[in-house]
Amino acid sequence: MNLEIAEWAKCLLCGHFVTLIIGIVALNFVANRLKSGTAFLFVCINALITGYLAVQALVNGNFEVQLWGGQFIGMVPFRVDGLSAWFILIVNFASITGCMYGIGYLKPYNSTNKVINFHWSLFMIFQASMTWVCMIQNSMAFLIVWEIMSVSSMLLVIFEHTNVKVLKAGMNYLVQMHISVVLLTIAFLWVYYKTGSFDFNSISAFFSTNVNIGLFLVFFVGFGFKAGFIGLHTWLPHAHPAAPSHVSGVMSGVIVKMGIYGIFRIITFLKSDFVVIGEILISVSVLTGLVGIMKASVNKDFKRMLAYCTIENIGIIGLGMGIGLIGLGTHQVYFAFLGFAGALLHILNHSLFKSLLFFSSGSVYQQTHTRDMEKLGGLIKNMPHTAGIFLIGSIAIAGIPPFNGFISEFLIYSGLLNGLNFHSNAIITLLILSIASLSLIGGISILTFTKTFGTIFLGTPRTSLHNTPREVPFKMRFPLYLTILAMLSIAFVPGFFIRMATLVLKGAFPALTLINVNTFKYVEILQNISLYSFVFLIIVMLVFLLRKISVKNREIAESSTWGCGYVAPTPKIQYTGKSFSKPFAKLFSFVLLEKKEYSELSNEEIFPKDKKYNSFYTDFFEEKIINPITYYLINFINLFKFIQNGKVQTYIIYGIIFILFLIIGTVFQMLT
Amino acid sequence: MLSFILIIIAGLFFTGIVIRTKSIAAGRKGPDVFQPLRDVARLFKKGTVYSETTSFIFKIAPVVYFSSVVMASLTLPLGGTKGFISFDGDFIFFAYILALGKFFNIISALDTGSSFEGMGASREALYSMFAEPAFFILLGSFALLTGNTSFFDIFGSLYLGSYTIYAIAVMATFVLVMIAMVENSRMPVDDPKTHLELTMIHEVMVLDNSGFDLGLIQSAGYLKFAIYGSLIANLFISGLSLPVAIVSFLGIQFAFAVAVGIIESFMARFRMGHNAQFILALSSVSLLIFFGVLLVLGKLA
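Protein sequences, first through last, are from chains A and B.
Just so you know, we're using the numbering used here here: the first sequence kicks off at 67 and counts up by one.
Just so you know, we're using the numbering used here here: the second sequence kicks off at -2 and counts up by one.
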């Protein structure tokens, strides 16, 4: 343990709390137009402080700081190791770009003093609480900061609190997060009951003496709510579209990852049952990935589409972690390494391209005031930069080279392929099916993102909007360019990032300390891949140059799109997003439940009136599992409604009965 | 590099051979094998018409598509000689770089704002998506069989010894031929010679491309055929000496082209709705290969 760093870190952490409070107070005193700038400043300061700690942990090794956390909790250990550092850096980057983007995004709201104040204060608390979650290793304190994180993010989601739908989404999120907290509390209490300590180290002690799988599953479900594993995901597609875009970018980019952080942290404590847990995790993750991307492919609300796509990516991350677990269980360190490193890199990658996509779709929303892609079209002519940014995000998220998504997916694929030399047929079959599913997920994401990009940005406008959309100012695009830069650095210098990931993993898993990253062939392969991506770009440029030269003296004409001889084309004859994904939706109609709302033509209706037709896809899990359960639960609880009936007389009777019970009890000495 | 040059050579004549086979099978006189080359050469010399609806996507898409196919062909080995690009897991790169080309092809079709092209784009996205798992299960099974994960090592250590492996090779050939048909939008899935926009897949996507761009798309199509042909050829030519390997490579490409011509002559296109099932069936054949591999390795005792 580095004592000097620890002392220094103690000061920094205290400074971190102080700057947070100063920031919140300062917000109240600056002029409205400077508020977002002030918030940005403090977000940056906090990011610098926690980021510095994280870098220290990565470079100089773990350190621990004890801070007094009140009478009840006592000393709270703040431990920063590689794993925390990795997540802290991701949180900070996403928060900074989110805040920078938010300055421009929230400009129209600058006149609403209170809301803006509250919003930016919450944003700072939100960022700080996420970094605390990564550091605090005392269950009680952890649950408190976890709660601060959930509540602050929920309040950020309901920015447009006057909208009933937004409020409902916020409530839904809050309730689900509390089910998660209940499970986490149960898990922590279980550990406390067995070991008598709230320190995270006791979880490790618990695992070494007890059956692992039970406690892990409780933790998994608890954290899984946050991460959005399938079945526990239903808050995501409601909350993400409801939030303002810079918040949904950060939420989707990092808050979901806090659930992953929790699971990762618990995995580092595991002592046995690795293979079973790995198999469960892989199965759940593959399902998560498939269902997530299928739902994404049919959604016409582009922010909801992105939310479902987040679920898909959580599946990919979970798949990597499952591979790592099986590797740990079978003592194949390189196999484990490929899985965990793939998961870590995918966490980083996803936080980048998902916030990029959310921000750029936020720009579209700001200009068009609709989230329905069927109402848009041809925006590439009005907003060429935003279109380009969205295109880059789409290619990256589909895992296609030359962008960063391919790097992490390649690691996970390699992990799966390397696992094929196991002796167990069950594992081999699972891995082969995972490979097939991962490739299917890749295919469906191409369908999803070509559809989304094509419908929003290409073709001609489908409806006339109130204002002509214009390109968003440079100030709002700048954070997106920064994100793209980060993405490209991962794509073209993967060696650096995989070395970082190795540091993290060596710190987290003692079994992986044997790995020598310099002789590990996959580091070289990743470097080669980026070289080949570069070669590819050169080929593209050469062909483009060739095209330019050869086209130079040719006749270039402009004409209307080929309409098969039809002379009165309208924008309405374009293929819609819905029709684009319809054949796919039809094939998977057992998961993608389509609902249609329309009124039949009645017999008396001689002259048909104007009719409305609406069709949409419902969430299989929400519709078939969650809603029925809630319905029966509410029905059951309604049986007891008569107790709380609102009549004062009845309540007095309850009081009298209780007092009588006390008196009789005392008289007959039944209460002792 | 050798394999790259051979793939180019094979690609030059592939479509010509297919067309020639078809005309012989139909009893027509037909064009000679150089006709597709002349078509492309003429396209390269022509001017271009752009739709007013299109943007820069439409202009760069054919370039990206063509480059992706070239890049993919660089990964393929030839028997005992490595391809230009060879590393563990290069077939993932191969599949994903082809996907990049597909991505741009699809959005360039959507860029025209045409109802037909959107339809083609939708079908292309759907069918090529279903072809992916079959390809990955197939290569995954080979990885399991040989213990290697790059094209070169997989094909290099794939010795046709026992009967089961012959069965596997036959099934693998079937899967690869069918994937080639899907990816190149040929007969049982798509009919390149159909004359109704509603029934096309690939052809309808490029309705608005003309001149140099169309030439690029066409030549990428020719190359793509040769790429899948060389995948099939590589199944059989491991362990042969270089001259023999080159001859048999070209021979297998020729046989593949003739087979495509014959399939196209004697089969009708499937109903659009049935295509998806057909392509999914490919994945199950791939799974059969997987179980065959388990059998060979003695894991299913």
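C-beta: ideal position from N, C-alpha, C; glycine also.
Looking at C-alpha atoms only, which residue of the options is the closest neighbour of residue i?
i, options, result
"N582/A", "G386/A, G454/A and I564/A", "I564/A"
"L423/A", "T452/A, Q432/A, I413/A and F406/A", "T452/A"
"K23/A", "A271/A, A75/A, G136/A and L124/A", "Given a span of 67 to 738 for chain A in the structure shown, any question on residue 23/A remains unanswerable."
"R536/A", "S429/A, F650/A and L603/A", "S429/A"
"D85/B", "F246/B, I134/B and F149/B", "F149/B"
"P174/A", "V589/A, G388/A, H435/A and W256/A", "H435/A"
"P310/A", "S505/A, Y431/A and V109/A", "Y431/A"
"K292/A", "S263/A, E345/A, M220/A and S270/A", "M220/A"
"E129/B", "T109/B, K99/B and S105/B", "K99/B"
"L569/A", "G148/A, I90/A and G135/A", "G148/A"
"F209/B", "R613/A, V109/A and V211/A", "R613/A"
"S645/A", "E440/A, V223/A, L347/A and T732/A", "E440/A"
"Q274/B", "N693/A, K652/A, F702/A and K662/A", "K652/A"
"S665/A", "R99/A, S681/A and L658/A", "S681/A"
"A373/A", "G319/A, G390/A, F724/A and G386/A", "G319/A"
"S274/A", "Y598/A, D339/A, I512/A and G236/A", "D339/A"
Count the other C-beta atoms from every protein chain shown that fall within 10 angstroms of the C-beta of residue i, then say buried if there are 16 or more, exposed otherwise.
i, result
"W198/A", "buried"
"M95/A", "Position check: residue 95/A holds Phe in this sequence, whereas Met was assumed. By the neighbour-count rule (16 or more Cβ atoms within 10 Å), F95/A is not buried but exposed."
"N126/A", "exposed"
"Q203/A", "buried"
"W134/A", "exposed"
"A475/A", "Just to set this straight, residue 475/A is Glu in the shown sequence, not Ala. With 16 or more Cβ atoms within 10 Å of its Cβ, E475/A is classed as buried."
"R25/B", "exposed"
"I115/A", "buried"
"P674/A", "exposed"
"C630/A", "exposed"
"E378/A", "buried"
Quick check on residue i: does DSSP put it in helix, strand or coil?
i, result
"K296/B", "coil"
"D438/A", "strand"
"R370/A", "helix"
"E621/A", "coil"
"D147/A", "coil"
"I672/A", "coil"
"N145/B", "coil"
"L193/B", "coil"
"T261/A", "helix"
"M184/B", "coil"
"F11/B", "helix"
"Y683/A", "strand"
"N206/B", "coil"
"M67/A", "Below a pLDDT of 50, predicted positions are generally treated as unreliable, and M67/A, at 49, falls in that range; the measurement from the model is reported next regardless. Three-state result, M67/A: coil."
"L135/B", "helix"
"Q274/B", "helix"
Assuming residue i and residue j form a contact by the criterion Cβ under 8 Å, report the distance between their Cβ atoms to the nearest whole angstrom.
i, j, result
"A72/A", "E130/A", "6 Å"
"Q398/A", "T526/A", "Actually they do not touch by this definition, with Cβ atoms about 55 Å apart."
"V157/A", "Q122/A", "16 Å between Cβ atoms; not a contact."
"I478/A", "G485/A", "With 8 Å as the limit, I478/A and G485/A do not qualify as a contact, their Cβ atoms being about 11 Å apart."
"A242/B", "G76/B", "4 Å"
"A69/B", "L107/B", "Contact doesn't hold; Cβ gap of about 23 Å is too wide."
"S759/A", "F650/A", "Here chain A comprises residues numbered 67 to 738, so residue 759/A is not present and cannot be evaluated."
"A140/B", "L483/A", "5 Å"
"A462/A", "M553/A", "6 Å"
At least one CB of chain D closer than 8 Å to the CB of residue i: is that the case?
i, result
"R536/A", "This model lacks chain D altogether; the protein chains it does include are A and B."
- Query: At a cut of 8 Å, does the stretch 281 to 298 of chain A reach the stretch 393 to 410 of chain A through at least three beta carbon pairs?
  - Reply: The stretch 281 to 298 of chain A is not in contact with the stretch 393 to 410 of chain A.
- Kindly confirm or deny that the stretch 101 to 109 of chain A and the stretch 162 to 172 of chain A touch, where touching means at least three C-beta pairs closer than 8 Å. Contact between the stretch 101 to 109 of chain A and the stretch 162 to 172 of chain A is present, because at least three Cβ pairs lie under 8 Å.
- Pairing CB atoms from the stretch 440 to 448 of chain A with CB atoms from the stretch 517 to 526 of chain A, are three or more of them under 8 Å? Yes: the two stretches touch, three or more of their Cβ pairs being nearer than 8 Å.
- Is there contact here, the stretch 112 to 121 of chain B with the stretch 188 to 198 of chain B, by at least three beta-carbon pairs under 8 Å? yes
- Query: Counting Cβ pairs closer than 8 Å, one from the stretch 353 to 370 of chain A and one from the stretch 487 to 507 of chain A, do we hit at least three?
  - Reply: yes
- Query: So does the stretch 46 to 53 of chain B actually touch the stretch 277 to 290 of chain B, counting three or more Cβ pairs closer than 8 Å?
  - Reply: no
- Message: Assess contact between the stretch 276 to 292 of chain A and the stretch 248 to 264 of chain A, defined as three or more Cβ pairs (one per stretch) separated by less than 8 Å. Is contact present?
- Response: yes
- Item | Cβ contact check for the stretch 31 to 39 of chain B and the stretch 178 to 191 of chain B: 3 or more pairs under 8 Å | The stretch 31 to 39 of chain B vs the stretch 178 to 191 of chain B: no contact.
- Query: How about the stretch -1 to 13 of chain B and the stretch 720 to 735 of chain A: do they share at least three Cβ pairs that are nearer than 8 Å?
  - Reply: no
- Can we say the stretch 686 to 706 of chain A touches the stretch 365 to 377 of chain A, given the rule of at least three CB pairs closer than 8 Å? no
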